Amino acid sequence: MAALQYVESQRQARPDLADSYADLADLYHRKLWHQLTLKLDHFLQLPAAQTGDTIIQLYNNFISDFETKINLLKLAHFAVIASRQYPDKDATITFLEGVITKLRETRQLRINEPILYVKMQIASLNLEKGNQKECKNLLDEGKSTLDSMTDVDPTVHASFYWISSQYHKARQEFAEFYKNALLYLAYTTVESLSDSFKLDLAFDLSLAALLGDNIYNFGELLAHPIINSLIGTKVEWVYHMLQAFNTGNLALYQELCKVHNAALSAQPALVQNEQKLLEKINILCLMEIIFSRSSEDRTIPLSVIAERTKLSISDVEYLLMKSLSVHLIEGIIDEVDSTVHVSWVQPRVLGIPQSLPSGLWLHQAPSYPSLPGLLFSPSPPASSMLHATRTRTPRLSAAAAAFFTSRPPPPPPPPLSPRLVDATVSRCPSDALAITFFLWCARRPAYFHPPASFDRLLPAAARLASRLRTAPAILHHLRALGCPIRPHTFLLLLRLYWRGGIYPLVLQLFDQMPLWGFHPNAFARNVVLDVLLRTRQHHSALCFLRDSPSTNYLTYAIFITHLCRAGNWPGVRACFSAMLHQGFLPGTDTLAAVFACCSKLGTMSQLLQLLSFTLVSGYHLTSPMWTCLIARFCREGRLDEAIGMLSNMLASGSSPTVVTYTPLLRALYRAGRRDIATELFATMSSTNCSPDLVLHNVLMDCMTKEKRYDAALGIYLNLHKSHIKPDAYTLSTLVQALQLSQNVSLLPRLFLDSDDISYDLVACNSLLNALCKSGFPSQAVQFFANMITRDIRPDSYSYVGLLDSLCQLGRIDRAINVYHSIVSSDPDSNAYVHSAILHGLVKKGHNRMALMILNEAVRQNYALDAVCYGVVLHGLLQAHLIEEACMLFDKMKRSGMAANTCTYNIMLRGLCRTRDTHAVKWLLREMECSDVEMDSISFNIMIVFLIKMQHISSATALVREMANLGMKLSTKTSSLISQSIGHAYALEDANIAENDQSDSTNDLLACSAS
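Numbered according to the working numbering, the sequence shown spans residues 243 to 1252.
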């Protein structure tokens, strides 16, 4: 309630966001948590929502109301976004720590992901404050958490690696920054980053690659799309610098240093590490020399290296030893011959100019305008690098070939079975891999997944959907894992998510089919039709059916089933006719559903017409169809035909069930045909058709209405012998029977002293209410305590019984304390709770205390209704506190609570007692202006008032008006009129009207509630 009120207030205060707030309120009211999460995700990205503390207020007043009902990782995202609007970092950390505490209290599975995501934001704030030690502790803890988890959401990985990269950047640890920043990009889509962010990150990565220790592989960075952000900017020189290092082009590097000397001088880190950069490019030049030679020509003269690197022989030897020490190469230096033999070189990510023959690359590559001839200078042919892959494997000798052909073939793999598939899926470390394996199995010849296998895969599918969120993301992710996207893939995924109830994803998958070049078949359309009907999108379903190019029997069966569940008999009839017109005959289950709907909502002639169609079409009437016919005949009062229908059912070979006998027995007892009902019940029992709870309830009700209370009690005792658990209807019927038979004293013994009864919440509430109303308040309080002992969590109706019992016992202070405890733990408590304490206080004469509690409830914006106001108004008027009652009545109207006829009757009776004619006239005029019509109670009150005021003619006119409206005088009003006319208007008994039966608080509450 408070959340909706906040959204409504913001919708009025922020016209620029009014539509968004309206959508949020609608989704919240409909409890569509997934759609609400998506809408919130979109809302928080709006520029208008980024101003001030809009998101903070939205989180505290709206999101926190349903925070445990949405994906907790998404909740963590929302909390982090909201935290960015706090101006003070300490306040932000306090807020985020509170979010972590709430996340831990949920005790849900996979809680480490959202907690880690929030902790990374706290680590970032500590880093901004200069507290690197605390940031490092959180990063170490986060690393341990990540290593212990599988299927971690990419956003959590990205958050960890981003904060880790920024920590190392602050400490000038270039290699670690480079590693973590690349890992951050591995879990982030480049399209989601802003242009300025991409430029800054690309520049930082480039400098880190140049300056980082043991970073000699630039191909991975140059292959990433983010590096293109440097092109066309003032720092494009860094991109060309990376190209020079990647190709080991010393001449290009030296030329770049001359051309961009000013830009290089502006970077202190590059100036300080100038000698280190020169050493690195010389090493890369050495590696390029090695890569350009064939595998048979790896003995390189030192003079060749010296010529390319412009170093002396002694410096070349130092260069080689440096390369050997950092494990870039392995080999032997021959100082006698001044050569080096390289046996291994560290693998590298090669660019296009390094992997293609030089002539082809030179033909296709553009030129660097300021450096002609340097960037694309000829190098030794790269074709020799591919020599090993082009040579053919020599043939095996005859002996070796004979050895391999004589070996026995390997044993065939075990055949696929549901048990094997389920075991593999359950042990699969990745949800996406589990689905990929499941789809692979479905593509095997002659193998089909049973429904149980789909259910076993559902948890993994749900987790993947929660992580990737959309159908396109799931499809692309599966394709990246090697799963081919075919029509069969779509059909299996549709069936999987349809069985799991993840209906938005089903609709997305269907919409994706044409985008991947596939035409949905009838099965796919039937699944979507079922989803639309299940989500109550009936108009969309009808349009979808109308536009469907291919319909089959199942299409109509699905539509008819849902229409029957919705009780739409005209729609069922039209769809059934269309089905027959298309040449499709209904199945037995579909026909039974049509029978059930027609028997409840159709006419008798329509039901008989359906029966004729069934018999003419050659269908065999099933037990549910016979049951529908018998029940309809019973409701029509045609009991002889119903009995005849039962005989025909037995003659056809169908076995009646207890559902068949129940409506017939009820109708026979109500018609007074007890002998036939007894005989029928005996027949049912002889066929081993045991009565169920519903039949026991029906029989108890019939016995009670026939005033056979002992028989009703006997049926209840038989219920326990049959080990059938009574429900709320059973208990209420028994209470009624005990009250009518004046055996209420048996109530505690039957219920409270019985240990073999297991109650649910509904049964407990019914019994609690019965004990309270039957004059056993102390037993009701004890029973409430027993409910708590049995771990039955009470609801609003339970608290109503407890409060009423405490008030009856005169324990007013205890009742008030319990009430305050209830509303403090659940501010959204039902209005029945408030009316219960108010009723109890008024009944005990504590009217001012009731007024104080009502005023406090109004201030706290609790869920009050007209009954609450009516109870207190009644008490104030009974105590002759007229002024307080009028003030409360005005306050009620100002608060927006509409006064109903019962509320006006309470005020009217109270004002009539004061004999204040002007006040009565004012109230009547207000009733007329508020379009509140007078009922029989209003007329009776006014007639009594006019008689007391000696206005007999006006009272007589009102009596005539009541007669014209079809209303009746109460007994006491009629008696008062007779006395006034027969005794010359001498009215000695002035309290007759006050003692009228309609004046009781219970009747007023009942009237107001209705």
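Every residue, glycine too, gets a C-beta built ideally from N, C-alpha and C. All values reported here derive from a predicted model rather than from experimental measurement.
Compare the beta carbon distance of residue i and residue j with 8 Å and say whether it is the shorter of the two.
i	j	result
residue 587	residue 542	no
residue 802	residue 786	no
residue 678	residue 734	no
residue 444	residue 407	no
residue 748	residue 699	no
residue 1124	residue 1088	no
residue 1062	residue 1106	no
residue 872	residue 906	yes
residue 262	residue 246	no
residue 704	residue 759	no
residue 708	residue 660	no
residue 244	residue 768	no
residue 1008	residue 1038	no
residue 988	residue 1020	no
residue 320	residue 305	yes
residue 454	residue 417	yes
residue 834	residue 866	yes
residue 1135	residue 1141	yes
residue 1014	residue 1046	yes
residue 257	residue 318	no
residue 754	residue 784	no
Put residue i into one of helix, strand or coil per three-state DSSP.
i	result
residue 543	strand
residue 672	coil
residue 410	helix
residue 295	coil
residue 1175	coil
residue 312	coil
residue 1207	coil
residue 1144	helix
residue 256	coil
residue 1034	coil
residue 978	helix
residue 394	coil
residue 937	helix
residue 430	coil
residue 843	helix
residue 303	helix
residue 826	coil
residue 837	helix
Have a look at the DSSP bridge pairing and note the partners of residue i.
i	result
residue 576	581
residue 571	587
Counting only beta-carbon separations shorter than 8 Å, does residue i have a partner in chain C?
i	result
residue 731	Judged by its chain identifiers, the structure shown contains no chain C, having just a single protein chain.
Completely contained alpha helix (DSSP H) runs for the segment 677-723, where each covers 4 or more residues: For the segment 677-723, whole alpha helix (DSSP H) runs of length 4 or above, ordered along the chain, are 693-710 and 713-722.
Validate contact between the segment 384-393 and the segment 418-431 using beta carbons, cut 8 Å, 3 pairs: Taking one beta carbon from each stretch, the segment 384-393 and the segment 418-431 have fewer than 3 pairs nearer than 8 Å; the two do not touch.
For a minimum of 4 consecutive residues, which ranges assigned as the alpha helix (DSSP H) are wholly contained in the segment 845-909? The qualifying runs are 846-858, 865-877 and 881-893.
With a threshold of 8 Å, are at least 3 pairs of Cβ atoms found where one atom belongs to the segment 1144-1159 and the other to the segment 1102-1120? As far as the Cβ criterion goes, the segment 1144-1159 touches the segment 1102-1120, which means the pair count is three or higher.
Would the segment 1146-1165 and the segment 1179-1192 be scored as touching if the rule is three or more Cβ pairs under 8 Å? Three or more Cβ pairs closer than 8 Å define a contact, and the segment 1146-1165 meets that threshold against the segment 1179-1192.
Inter-stretch contact at 8 Å, needing at least 3 Cβ pairs: the segment 501-511 / the segment 529-541: Taking a cut-off of 8 Å on C-beta distances, the segment 501-511 does not touch the segment 529-541, as fewer than three cross pairs fall below it.
Start-end ranges of the alpha helix (DSSP H) lying completely within the segment 458-522, minimum 4 residues: If we require 4 residues or more, the alpha helix (DSSP H) runs fully inside the segment 458-522 come out as 461-465, 478-489, 492-501, 503-507 and 510-514.
Which ranges does the alpha helix (DSSP H) cover as unbroken runs of at least 4 residues, wholly within the segment 321-382, from first to last along the chain? As far as the segment 321-382 is concerned, its whole alpha helix (DSSP H) runs of at least 4 residues are 331-348 and 354-370.
Is the segment 477-484 in contact with the segment 445-457, if contact means three or more CB pairs nearer than 8 Å? At 8 Å Cβ cutoff, the stretches touch.
Kindly confirm or deny that the segment 416-424 and the segment 484-491 touch, where touching means at least three C-beta pairs closer than 8 Å. With a cut-off of 8 Å, the segment 484-491 and the segment 416-424 do not count as touching, because too few Cβ pairs lie within range.
Using 8 Å as the Cβ pair cut-off and three pairs as the minimum, do the segment 307-314 and the segment 327-340 touch? Under the Cβ criterion (8 Å, minimum of three pairs), the segment 307-314 does not count as touching the segment 327-340.
Across the segment 713-731 and the segment 773-782, are there enough close Cβ pairs to call them in contact, namely three or more that are closer than 8 Å? No: fewer than three Cβ pairs fall under 8 Å.
Determine, using beta-carbon pairs with one atom in the segment 1067-1074 and one in the segment 1088-1100, whether at least three such pairs fall under 8 Å. Because the criterion of three Cβ pairs below 8 Å is not met, the segment 1067-1074 and the segment 1088-1100 do not touch.
Kindly provide the ranges of any beta strand (DSSP E) runs that are 3 or more residues long and lie completely inside the segment 1076-1128, ordered along the chain. Unbroken beta strand (DSSP E) runs of no fewer than 3 residues, entirely contained in the segment 1076-1128, are not found.
Report yes or no: do three or more beta-carbon pairs, one from the segment 843-855 and one from the segment 802-815, lie closer than 8 Å? Taking 8 Å as the limit for Cβ pairs, the verdict is that the segment 802-815 does touch the segment 843-855.
I'd like the ranges of any alpha helix (DSSP H) spanning at least 4 consecutive residues and lying wholly in the segment 761-793. Correct list: 764-776 and 780-789.
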